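Read the structure below first, then the notes.
Protein chains in written order, with my numbering: chain A, 12 to 354; chain B, 12 to 354; chain C, 12 to 354; chain D, 12 to 354.
See the structure below:
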């Protein structure tokens, strides 16, 4: 079985493991106060070209719940797409910290500035607005859970609404590398640092064993953030583990390199499906692709390849997801393409 | 600088790193459903000699908050020693899940069955008990934060009170290995599985990069535990990382071996301090030792060794903490002993 | 200005005020342990013809958040109609206790058994169900926020699904009196006690100054409920205030009598709108009615009557809400009817 | 049985009931937007001689949890005396909103500025302070749960520490009237508004049926407070009930008058106990007095009078509590004094 069912099937890029071995006997202070963590933060700060704070936590749900619970007062909610990870796939982690996720209907995983503006204006225009959670943050994913990307222009429009309506803008970048590396992308880390109040750079799905780098650009959100990380169980005693991994990923552009590989692989698969007239469920230019397969096509592929069933479209057809990643092997993709061509 | 300031100064036992390297390219399913995790759970289940459930999370605070919030209803509190980790050192993580930590005055890090009984009886005898959090769980650490151990007899007495008063018994075993390996210990994993409703076996401080193994013995506490892990941000996409580490630690007794080394080192230090008439603040038979040093003695040692200042006793004297661990080097201990002998 | 904008515009039925005056100097124990509260509970228990527990709290949001947070474990959510009070109008009160409200699209304020079954089956059929809040309770309103009623048959169908799927059934009865008194109603208090696990009987909108009577039928939900009331700030020192009010409302059927008056008044208004060919937005047989008015009609009525704008339908037409209540004056209704006839 | 066991044994001052009857048929808007509520707020604002915001909620626990959860970020805790109401008698209501109550050992119900300073300095001097809840608020009661009072000088000293250490100062004034009326008191409402960031004026125990007036002096704590009241279940549909009661209490000084009566009655009892050489457990100059009685004395009084057992001192003696209130009858006090004289 060759696995394309997600982008966390293998361990980590060999350089990361190697560095963990090399540094293993260094005696270092705990809780992220070591020199590797400091160096990793510095690399990210430089790329962001802004006076940002950087923190590392072990996973995406932890990043989301820590950021949101740190930023919001009890009566405030976070606007998110109906298909967003915090909306549907974190077992109510945000609600468990007391905050309602305010859903906006997504199209291809995305929401737009106009929808946000309308939602927030409806809130404030309602004479009973005190009886509804106050929208105070927008949380979107780049790339989205449907593999799509926000363009710089779309981001700017959302930022404008956030400024008008006094909202924080947060970006869940669990797969950010695959966004940065996409040929259709025009949003850099620097752009994100300029436009977001807070975002994170995913490591778990992009070459690391685990870990996400939270980047806080808004000064008001920086204070006491480490207290919140600790309280929510996100502070590793051996913070070095996260520091070392992000040091390796960002000291020499490895983060982008491994992401580019994944995109190259995805583009080949995309091309294979298209050339065989297999329609895509979402127009994804990143590492997740969503062909619509017939029952028969699925059966033929599923004997050799693991992939994810995304949505039952009708009796005969399902949208499925194939993921590539930093670890996808060229020969596995070649084999799959050959089989696609014979579907 | 040679570090004795805590037991998480290095990375991981070399066997663990080696196994991570060896297994790195295995394509595995996520979220702890891989075969390494299954194997690790099985090893622990066997040692516990009970029908327990085993789960892995990345750290101690996360283990504590996940277990406690899963077990208690909103009005219930958890009894803990005044010096317990959940009481003083987790930034209110338990309260953040809605539950009050009900402090009982500790002596040498421990509380006893009589104190628990008195606390709970006082609660129920108070005609206004509905105005106070209901005690429903006892959480103690083995070894304690003062390095001391509960004997089997002491555990049994607490268990008896828990049975009488309908309380859950939970054990925070962040340093459990160092307890198991202590010459004064008479409590096995099997005993813990018999006597506790839930406990965890610490990996972070005992040979692993990170990770704790939660063992649930009480059937009523098993249901839906994975939902809670996910909600609290404790479920790693690459659950394999925890599975592999605990597989290595428990397949061939490595967990106990590395713990025994730490205890051996601590015993040597203990002996050195004692033979130089340096009093101990706590009677610890485990890997944390707490000599009482004069300002002058501290100055002389602190130029070469990192250790932790535990408590200011008076103008002249402080209780300090030296930790050994799985990674403590014999030559470092020898050097320190030499310097102790010349204080 | 004659107010029809809601059903809490006046104080309380004069019998309640009179009883408060008469009993004012009685020296009574606090926190709902007085004989009036005991008597009130007994009246409700008799009407329910079941072995229920009864508790009083001051308002609807408090009732909802206390019940739901008492019943659910942290990872569990409550299914509710998209138009339900807990879904849209309580400032995220349920989320603030940690639980997600799981919305189902409502029609005329109602959801049906089939929708609930489908939602819950989708949850359990999803292989990643542990990543989503677990549906554990259904909360519907009788009458709904749209003034509509669930029939006994509809309730029974939902109860059947709840039994199949292991869900609690809760009913928000903030306006229950107006449901019981409706000519279209076939659901009694006894039926509710048979079919629900927990529900509440609204006093605030039905003759009382304030107060709701929570009725717990499911034995598993009874334990320690008073602790939760106290913790959430719902336990009045002078619990007598709630006890006395419900004693007056239930000792001689006053609750139903005043509700019948409101329904009589609403039926007259309904008839007036209909006979003038004014369409209704919801088919409400209770005390809230929702005519669709043109801008011109609104202007003419709004100079003399307060009513609530419910929804902007188009440039020209809005759905509005007129409420009657226990306190609606016959002459006010007559005046309004006259003006409707001249629209 | 004549009740001295608490200060909420009767209903309300007759003027309040009378006003509720007189205003009963007024048709008013809901949720505290009526003219009575506006008037009541204005009376209190005038007495405070500051630009304060005033809000009404139904009880003390609700006031405390609403204020504290509105003011603090998740990692912050509230310093309170070990005997404070939020510390011991609200079923963990504060913890249920996520915040730890940070206990300071009380003497006669009070803590002092030096203790607060030491606590906060210890926090910030600890290199691991991020691992402990951050002290951000001080919550004390005036009068305290032991009947004692803070002097203006003591308040000023605590205020100074709060300024130095960036803490909010909150006062629980559940029995504030009895403090204001005490002969030993030198703290006015104006002083409280100058020195506190937020406090509340208790109505439940001082003449009202129920209700507390929250006074917010710190501008930073004013924003969106009504959202939080609604979310926590504290916003009455008929907000008028609270408005009318506080209007009556504050339009003509009734609040102080009824409090003075209670103090007069308490002073007579105090004098009676003292003249019979019965020692007091706390030096209370307010409406709660705490004589130390022998078993024999208790038996003789308990046949005719209800009082509260406060603490078991030894085999023979208990500290008990007698409360007077706005409703205490002169003849009841005379009878009790007679019996005290014959103990």
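Backbone N, C-alpha and C fix where the C-beta goes; we use that ideal spot for every residue, glycine too.
These numbers were taken from a predicted model, which means no experiment stands behind them.
The beta carbons of residue 59 of chain C and residue 209 of chain C sit about 12 Å from each other, so the pair does not count as a contact at 8 Å. For residue 219 of chain C, same chain residues with a beta-carbon under 7 Å away, outside a window of 5 residues either side, are 23, 27, 256 and 260 in chain order. Annotated three-state conformation of residue 124 of chain B is helix, per DSSP. DSSP, reduced to helix, strand and coil, places residue 234 of chain C outside both helices and strands of the structure shown, so it counts as coil. By the 16-neighbour rule on beta-carbons within 10 angstroms, residue 102 of chain C is buried. Contact of residue 32 of chain C with chain A by beta-carbon distance below 9 Å is absent, the smallest such distance being about 33 Å.
Here residue 135 of chain B is exposed: its Cβ has fewer than 16 other Cβ atoms, across all protein chains shown, within 10 Å. Excluding the 5 residues flanking it on each side, residue 51 of chain C has same chain C-beta neighbours closer than 6 Å at 254, 257 and 258, in chain order. Counting the other Cβ atoms within 10 Å of the Cβ of residue 299 of chain B gives 16 or more, which makes it buried. Residues of the stretch 30 to 61 of chain C with a C-beta atom less than 7 Å from some C-beta of chain B do not occur. Residue pairing from DSSP leaves residue 33 of chain D without any beta-bridge partner.
For the pair residue 89 of chain C and residue 346 of chain C, the Cα-to-Cα distance works out to about 43 Å. Every alpha helix (DSSP H) stretch that sits fully inside the stretch 160 to 226 of chain D and reaches 4 residues is listed by chain position as 163 to 176, 187 to 191 and 200 to 206. Residue pairing by DSSP places residue 113 of chain A opposite A:90 in a beta bridge. Counting the other Cβ atoms within 10 Å of the Cβ of residue 242 of chain D gives 16 or more, which makes it buried. DSSP places residue 149 of chain B in the strand class (E or B) of the three-state scheme.
At a cut-off of 9 Å, the C-beta of residue 156 of chain D has no neighbouring C-beta in chain C. Take residue 341 of chain B, set aside five residues on each side of it, and the residues of its chain with a beta-carbon closer than 8 Å to its own are 276, in chain order.
Per DSSP, reduced to three states, the secondary structure at residue 325 of chain C is coil, with no helix or strand assignment. In chain order, 12, 14 and 16 place their CB closer than 6 Å to the CB of residue 317 of chain D, counting only its own chain and leaving out the 5 sequence neighbours on each side.
Close to chain D, meaning a Cβ-Cβ distance shorter than 7 Å, are the following residues of the stretch 234 to 253 of chain A: 235, 237, 238, 239, 241 and 242. Just measuring C-alpha positions, the residue of A:353, A:162, A:352 and A:339 sitting nearest residue 35 of chain B is A:339. A:71 is the residue among A:40, A:206, A:182 and A:71 whose C-alpha sits nearest the C-alpha of residue 249 of chain B.
Neighbours of residue 99 of chain C in chain A, taken as residues whose beta carbon is under 9 Å from its own, are 142 and 143 in chain order. Within the same chain, and ignoring the five residues on either side of residue 98 of chain C in sequence, the residues whose Cβ sits closer than 7 Å to its Cβ are 91, 92, 112 and 114. Using a Cβ distance threshold of 9 Å, residue 303 of chain D and residue 291 of chain D count as a contacting pair.
Only 85, 86, 87 and 88 from the stretch 76 to 92 of chain C bring a Cβ to less than 9 Å from some Cβ of chain A. About 17 Å separates the CB atoms of residue 301 of chain A and residue 344 of chain A; that is not less than 8 Å, and the two are not in contact.
Under the three-state reduction of DSSP, residue 240 of chain C is assigned to helix. In this structure, the beta-carbon distance from residue 104 of chain D to residue 152 of chain D does not fall below 9 Å.
With a threshold of 16 other beta carbon atoms within 10 Å, residue 29 of chain A falls short and is exposed. DSSP, read as helix, strand or coil, puts residue 67 of chain C in strand. Among the CB atoms of chain B, none fall inside 9 Å of the CB of residue 134 of chain D. Using beta-carbon distances, residue 72 of chain C does not count as an interface residue toward chain B, since no partner is under 9 Å.
DSSP, read as helix, strand or coil, puts residue 84 of chain D in coil. The three-state reading of DSSP puts residue 38 of chain B in coil, since its state is none of H, G, I, E or B.
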